[in-house]
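Everything below concerns the one structure shown next.
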Amino acid sequence: MPPAALAPATALIAEARRSGDGLAARLADALEWAQAQLAGATDEDAEMLAAVAAVRGDRSTSTARLIELADALVTLRAALIGAVGEPLTAQRLGCRFRHLEGLSLRGRRIVREGRDKTGAVWAVRPR
């Protein structure tokens, strides 16, 4: 779905968050998740971002570095494979991150922060 098609939902989400009302905030969360799913995001993608955030915090990293870390961290590896499948490669992970860029998945989003010698550098940020 093109981003322009999601603009009305995005405006409604922002308005609900500004209201400060608890119910409106919960509705905004639900709308945000529905918006992400319409764009092709999955539960596994949300779990992957949570796992990356648990390992890296708010520090940026390359997909190649995440693959290296996943070799030693079973939970991270399982979350990455759940989202991108096997074989788990930096290129496949980068493609998935590009697809998810700009979407909020359960309060987290993936942000491209630049490049290093291995490619794009990414960070998980709060919505």
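Going by UniProt numbering, the sequence shown opens with residue 1, and the numbers climb by one from there. The beta carbon of each residue, even a glycine, is placed where N, CA and C say it ideally should be.
Scanning 126, 111, 95 for the CA closest to the CA of residue 61 turns up 111.
About 6 Å separates the CB atoms of residue 41 and residue 105; that is less than 8 Å, so the two are in contact.
Between residue 88 and the set 12, 19, 64, the nearest pair of CA atoms involves 64. Around the C-beta of residue 74, fewer than 16 other C-beta atoms lie within 10 Å, and the residue is accordingly described as exposed. Assigned with DSSP and collapsed to three states, residue 123 falls in strand. Beta bridge pairing from DSSP links residue 109 with 125. When the beta-carbon positions are compared, residue 39 and residue 103 come within less than 7 Å of each other.
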